[in-house]
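Engineer: In the working numbering, the protein residues as written are 218 to 331. Attaching a single structure in structure tokens format; questions to follow.
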Amino acid sequence: QVQFMESGGGLVQPGGSLRLSCAASGSIFRIAAMGWFRQVPGKQRELVAAISPSTLTYYDDSVKGRFTISRDNAKNTMYLRMNSLKPEDTAVYYCNTRDSAHFWGQGTQVTVSS
Numbered sequence: 218q219v220q221f222m223e224s225g226g227g228l229v230q231p232g233g234s235l236r237l238s239c240a241a242s243g244s245i246f247r248i249a250a251m252g253w254f255r256q257v258p259g260k261q262r263e264l265v266a267a268i269s270p271s272t273l274t275y276y277d278d279s280v281k282g283r284f285t286i287s288r289d290n291a292k293n294t295m296y297l298r299m300n301s302l303k304p305e306d307t308a309v310y311y312c313n314t315r316d317s318a319h320f321w322g323q324g325t326q327v328t329v330s331s
């Protein structure tokens, strides 16, 4: 069973930046398309960015041009660089395979507020 551990969240002012990390256990990471998701209370979890094993990327329109997803297969780790943060980016951020086929980790809270 694959497990994910997200870190790097925090409180940041609008326009600020954060880098999230996702550490994954198991060998599946290297062959899996991975995704960053976010969820706010009362809403469904949504995919914001994804990356294939060959590093092809996908971004939701709401984050395109501001967020950058990357992965380090040697470290079984995925990253999300978030720039020009907006209050509407406030959410708990999670990682999983792109098809969200595995149990969710605890996530990391990102709060964008002045």
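C-beta: ideal position from N, C-alpha, C; glycine also. Just so we're clear, the structure is a prediction, and the values are computed from it rather than from any experiment.
With DSSP as the reference, identify every bridge partner of V329, one or two as the case may be.
Structural biologist: Start at 1 with the first residue of the sequence shown, and residue 329 comes out as number 112. Its beta-bridge partners are V229.
Engineer: Given a cut-off of 7 Å, decide if G322 and Y310 are closer than it, judged by their beta-carbon atoms.
Structural biologist: As a first step, residue 310 must be located in the sequence shown, where it is residue number 93. As a first step, residue 322 must be located in the sequence shown, where it is residue number 105. In this structure, G322 does not lie closer than 7 Å to Y310 by Cβ.
Engineer: Can you tell me which of S242, L228 and S238 puts its alpha carbon nearest to the alpha carbon of R298?
Structural biologist: Locating residue 298 in the sequence shown gives position 81, where the first residue counts as 1. Among S242, L228 and S238, the Cα nearest to that of R298 is on S238.
Engineer: Note the first and the last residue of the continuous beta strand (DSSP E) segment covering D289.
Structural biologist: For the purposes of this step, residue 289 is taken as the residue at position 72 of the sequence shown. First-last of the beta strand (DSSP E) with D289: F284 to D289.
Engineer: Would A240 pass as a contact of T314 if the rule is Cβ separation under 7 Å?
Structural biologist: Counting from one through the sequence shown, the residue named residue 240 turns up at place 23. Counting from one through the sequence shown, the residue named residue 314 turns up at place 97. Contact flag unset, no.
Engineer: Indicate the three-state DSSP secondary structure (helix, strand or coil) for F246 in the structure shown.
Structural biologist: Reading the sequence shown from its first residue, position 29 is the one you call residue 246. Of the three classes helix, strand and coil, the one that applies to F246 here is helix, per DSSP.
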